[in-house]
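Q: Could you have a look at this structure, given as structure tokens, before my questions?
Residue numbers (the numbering used here): 9 to 375.
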């Protein structure tokens, strides 16, 4: 009975926490909006504008998902308390394992939803475009870029997100000089915006015959994907479009036609490229989306800088700020320099376990 009492005691604060979460998520307002959108979708003229109708259905799905997760959480909480009461009243210790399993699941789901409540930015719900560039460190830096590419791919896989490789440039000996991926899924940008900045690696390099410890760097740029933004104007005279032959990772699948696209934006110096699709038209379309997203990211960055100056904010928000160190030698440690979040489980982090860093970052920017 003692174990059941301990779990009940641990859950005592969650009645109020769930009420606060419901208010933060505006569940009541979301239900009203769901009814409104369902009525709208039942209108005979709903499908006349296909693009608008699809966006409406996406919004409806997102609202239902939010309400469903919250109500499911409340139901699980109530079921756990009911099962605890039954176990205590009937002096039945056999329910403990079931209660413990339900409680562990509830706490994990609560934490995931709590993090989601902090994704309140204008573009947080969008897909994310992530670009990694090798910094100083030669072949070691290229290998580090490849390791980060794997880390984010594994994280996305665990989250149920889809990963598209838009552009990739192999290192001279190993690894990657650069890679651009698109992570598709709800709130992908909201989560991955925490990863923007310089990532530092310290380890004994497998490429150094002397076995010396080396420090390498890679930059991570994260942008929200935007289909079309009227605020982002791209004038034909401001860009140059180049075509070139695409090649896959490791030099495989070499394209005999010039289907890859590179767009240079003269006013900002931004260069984007895409070689993932087989047709030049598809690559051009994706490259323009990447350019819009990059220009939007620059605009957001300028707004953040101005806001920081007004507030006298000391938090680093610069493009080139070093955000995290990954130390493999002489000890194991991954530490985020913005939030102070750290862990010694470096292998788990490189395998995609970065949720604690994302959560800490979201709490930090909301503090």
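The beta-carbon is built from N, C-alpha and C at its ideal position, and this holds for glycine as well.
Tell me whether the beta-carbon of residue 126 lies closer than 9 Å to the beta-carbon of residue 81.
A: Result no, Cβ atoms of residue 126 and residue 81 do not sit closer than 9 Å.
Q: From residue 79 to residue 51, what distance separates their C-alpha atoms?
A: Approximately 28 Å, taken between the alpha carbons.
Q: Taking the straight line between their C-alpha atoms, what separation do you get for residue 223 and residue 139?
A: Distance between the alpha carbons of residue 223 and residue 139: 21 Å.
Q: Output the distance between the C-alpha atoms of residue 362 and residue 161, rounded to the nearest integer angstrom.
A: Taking the straight line joining both Cα atoms gives about 12 Å.
Q: Look at the alpha carbon of residue 172 and the alpha carbon of residue 216, and state the distance between them as a whole number of angstroms.
A: Whole-angstrom Cα-Cα distance: 33 Å.
Q: Kindly list the residues whose CB is nearer than 8 Å to the CB of residue 344, restricted to its own chain and excluding five residues on each side of it in sequence; keep chain order.
A: Hits under 8 Å: 331, 332, 350, 365, 368, 369.
Q: Would you grab the beta carbon distance between residue 177 and residue 190 for me? Rounded to a whole angstrom, and I think it's under 8 Å.
A: With 8 Å as the limit, residue 177 and residue 190 do not qualify as a contact, their Cβ atoms being about 16 Å apart.
Q: Counting along the chain, where does the alpha helix (DSSP H) carrying residue 103 start and finish?
A: It is not in any alpha helix (DSSP H) - residue 103 carries neither H nor E in the DSSP assignment.
Q: Quick one, are the C-beta atoms of residue 163 and residue 360 less than 9 Å apart?
A: A contact, by the Cβ cut-off of 9 Å.
Q: Taking C-alpha atoms, which residue in 229, 153, 154, 342 lies nearest to residue 309?
A: Closest by alpha carbon: 229.
Q: Helix, strand or coil, according to DSSP, for residue 113 in the structure here?
A: In this structure, residue 113 counts as helix in the three-state DSSP scheme.
Q: State the Cα-Cα distance for the pair residue 297 and residue 132, rounded to the nearest angstrom.
A: Using only the alpha carbons, I get a separation of about 17 Å.
Q: Nearest-angstrom Cα distance between residue 60 and residue 38?
A: Those two C-alpha atoms are separated by around 20 Å.
Q: Let's see if you can read the secondary structure: which residues bound the beta strand (DSSP E) around residue 332?
A: Counting along the chain, the beta strand (DSSP E) containing residue 332 begins and ends at 330-335.
Q: Ordered along the chain, which non-local residues of its own chain (more than five positions away) have a Cβ less than 6 Å from that of residue 282?
A: The answer, listed in chain order, is 174, 175, 269, 291, 294, 295.
Q: From the DSSP output, read off the bridge partner residues of residue 295.
A: According to DSSP, which records beta bridges pairwise, residue 295 is partnered with nothing at all.
Q: Which stretch, first to last residue, makes up the beta strand (DSSP E) that contains residue 271?
A: From DSSP, the beta strand (DSSP E) with residue 271 extends over 268-273.
Q: Output the boundary residues of the alpha helix (DSSP H) element that contains residue 74.
A: Taken as a continuous stretch (DSSP letters only), the alpha helix (DSSP H) holding residue 74 covers 58-97.
Q: What residue does the beta strand (DSSP E) around residue 172 start on, and which one ends it?
A: 170-178 is the extent of the beta strand (DSSP E) around residue 172.
Q: Are the CB atoms of residue 75 and residue 35 within a distance shorter than 9 Å?
A: Yes.
Q: So, helix, strand or coil for residue 300, using DSSP?
A: Here residue 300 sits in helix by DSSP.
Q: Would you kindly work out how many angstroms separate the C-alpha atoms of residue 275 and residue 218, rounded to a whole number?
A: Approximately 46 Å, taken between the alpha carbons.
Q: Let me check understanding here. Comparing Cα to Cα, which of 279, 83, 199 lies closest to residue 120?
A: Among 279, 83, 199, the Cα nearest to that of residue 120 belongs to 199.
Q: Checking the sheet assignment: what are the DSSP bridge partners for residue 251?
A: Partner(s): 269.
Q: In three-state DSSP terms, what is residue 225?
A: Residue 225: strand per DSSP, three-state reduction.
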